[in-house]
Amino acid sequence: MADSEQELFLCRCRHKAVKDIAKKIGVKKAYLEKLILKNIADTDSIMQRLVEGRTVKKLNPDISPIIRQYLEGNISAEELLRNDDVLDYIAVKIKDHHDRYMDCIRFIYKNITK
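Reading the sequence shown from the start, the letters are residues 2 to 115 in the working numbering.
Here's what the structure looks like:
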């Protein structure tokens, strides 16, 4: 079900709830939650290293414009992951395992390191 995994995380990048995504793509919510938890487990230490020692400049950066630029193909995954606002967001939200944009960022990172 690689297609449903990609659709899940693209919808998370669009800030959609898991229950809405499950309805849209026709799979069980529990299945999607397992995919998210696996993605968190696979990337947690990597995300920690990305922001290790970072001094956060913004406690609540709005990263929706940069995510949108990525989804529209205007910036690369690498550019997104080097963006100061995105790095601040990761540093602040890294332990929030229910954050939609963190799910998105983790998926993007995982896909460029395959």
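Just so you know, even glycine gets a beta-carbon here, dropped at the ideal spot from N, CA and C.
The structure displayed is predicted, hence computed values, not measured ones.
Within 10 angstroms of the Cβ of P66, are there 16 or more other Cβ atoms? Answer buried if so, exposed if not. It is exposed - the Cβ of P66 has fewer than 16 other Cβ atoms within 10 Å.
For the alpha helix (DSSP H) containing L60, list its first residue and its last residue. Looking at the DSSP string, L60 is not in any alpha helix (DSSP H), and its letter there is neither H nor E.
Sorted by chain position, which residues of the same chain lie with C-beta nearer than 7 Å to S5's C-beta, five sequence neighbours on each side aside? In its chain, beyond the 5 residues on either side, I26 and V28 have a beta carbon closer than 7 Å to the beta carbon of S5.
Inspect the CB distances between the stretch 54-62 and the stretch 70-82 and report whether three or more fall short of 8 Å. Counting Cβ pairs under 8 Å, fewer than three are found: no touch.
Who are the near neighbours of R13 in its chain, counting only those whose CB is closer than 6 Å to its CB and skipping five residues on each side? Contacts found: R101, D104 and C105.
Spatial neighbours of Q70 in its chain, beta-carbon cut-off 6 Å, leaving aside the 5 residues before and after: I76, listed in sequence order.
Buried or exposed (CB count within 10 angstroms, at least 16 for buried), N40: That one is buried.
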